[in-house]
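Start counting the sequence shown at 44; every next residue gets the next number (my numbering).
The beta carbon of each residue, even a glycine, is placed where N, CA and C say it ideally should be.
One structure below.
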Amino acid sequence: MTALIIVDVQRDFLPGGALPVPEGDAIIPVLNRIQTRYPLVALTQDWHPPDHLSFASQHPGKQPLDRIELDSLEQVLWPDHCVWDTPGAALADGLNTGPAAAIFRKGMDRRVDSYSAFFDNGRRRQTGLADWLRGLGVSEVHVAGLAADYCVACTARDAAELGFQVALLEDATRPISAEGFARIAAELRQRGVRIGPSETLAPHADDRPSR
Ligand code: VGL
Ligand code: ZN
Numbered sequence: 044m045t046a047l048i049i050v051d052v053q054r055d056f057l058p059g060g061a062l063p064v065p066e067g068d069a070i071i072p073v074l075n076r077i078q079t080r081y082p083l084v085a086l087t088q089d090w091h092p093p094d095h096l097s098f099a100s101q102h103p104g105k106q107p108l109d110r111i112e113l114d115s116l117e118q119v120l121w122p123d124h125c126v127w128d129t130p131g132a133a134l135a136d137g138l139n140t141g142p143a144a145a146i147f148r149k150g151m152d153r154r155v156d157s158y159s160a161f162f163d164n165g166r167r168r169q170t171g172l173a174d175w176l177r178g179l180g181v182s183e184v185h186v187a188g189l190a191a192d193y194c195v196a197c198t199a200r201d202a203a204e205l206g207f208q209v210a211l212l213e214d215a216t217r218p219i220s221a222e223g224f225a226r227i228a229a230e231l232r233q234r235g236v237r238i239g240p241s242e243t244l245a246p247h248a249d250d251r252p253s254r
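Written as structure tokens, this is what we have:
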């Protein structure tokens, strides 16, 4: 079975939000269209405490996009974003969340960032997504959402490493940096991740198991 994982399609990552991804809103109609072609859909939410240490505001003298070392990991500093239970952390208004079976939240530990939907960046803790997918008989995952060069790429990389067949739906994601995504896309392809348009990669309606 193939699952669709929709990563971090939240208000703060859309134009006008705290950490806007250029054209981030353009993926919403695509996601709404393709979701129903999957037998299983999971959503993720970036979900930070107000004092999360990925926020530049927690490090006097630092600016967003500066890099620091955090708990012996390199950390990009971000504007305050996706603070749990605030409007900016809400799923995008236009996103149809009806078909989703579950929402996995990540980034709650103040001391470590969590780009991947599977693990924190230090790989100390799992989110439970891998076991949940396996328990439901999923062998293939398709990844979409925001941002292509951070949370979407890390989710695709970890899914491949965990043994899932992986596709990244390029028309259902947008990067913060196009150059950054080009670099990571090459690495993902080397790891066996297929990257292409949803039209060719997403299952066709008649592939769905009958109910
Ligand atoms: C993300 C930066 C910081 C993402 C989350 O969802 O790609 N990027 N937190
Ligand atoms: Zn974040």
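- DSSP places LEU211 outside any alpha helix (DSSP H); the residue lies instead in the beta strand (DSSP E), whose first and last residues are 208-217.
- Scanning the region 78-121 from its first residue to its last, the whole beta strand (DSSP E) runs of 3-plus residues come out as 83-89, 110-113 and 116-119.
- If you draw a straight line from the Cα of ASP89 to the Cα of ALA160, it is about 9 angstroms long.
- The closest heavy atom of the ligand ZN lies 7 angstroms or more from the beta carbon of SER159.
- For LEU47, the closest C-alpha among the options ILE227, ILE77 and ILE219 is that of ILE77.
- ARG148 sits in a strand when the DSSP states are folded into three classes.
- Pairing ALA210 with VAL236 gives a Cβ-Cβ distance under 8 angstroms.
- Linking ALA132 to LEU57 through their CA atoms gives a straight-line distance of about 11 angstroms.
- Bounds of the alpha helix (DSSP H) holding GLY223 are 221-233.
- Comparing C-alpha distances from GLY206 to each of GLY171, ARG234, LEU62 and TYR158 shows the shortest one belongs to ARG234.
- The residue among HIS102, GLY59, VAL184 and ASN139 with its C-alpha nearest the C-alpha of TRP121 is HIS102.
- The beta carbon of ASP163 lies closer than 6 angstroms to those of VAL155 and SER157 in the same chain, with the five residues before and after it left out.
- The three-state reading of DSSP puts PHE56 in helix, counting H, G and I together.
- For LEU172, no beta strand (DSSP E) segment is defined; the enclosing uninterrupted segment is the alpha helix (DSSP H) at 172-178.
- A buried status is given to LEU176, since no fewer than 16 other beta-carbon atoms sit within 10 Å of its beta-carbon.
- In this structure, LEU189 and GLY59 do not form a Cβ contact; the two beta carbons are roughly 14 angstroms apart against a cut-off of 8 angstroms.
- For GLU183, the uninterrupted beta strand (DSSP E) run begins and ends at 183-189, by DSSP.
- For ARG200, the enclosing alpha helix (DSSP H) covers residues 196-204.
- A Cβ-Cβ separation of about 23 angstroms leaves PRO130 out of contact with VAL84 under the 8 angstroms criterion.
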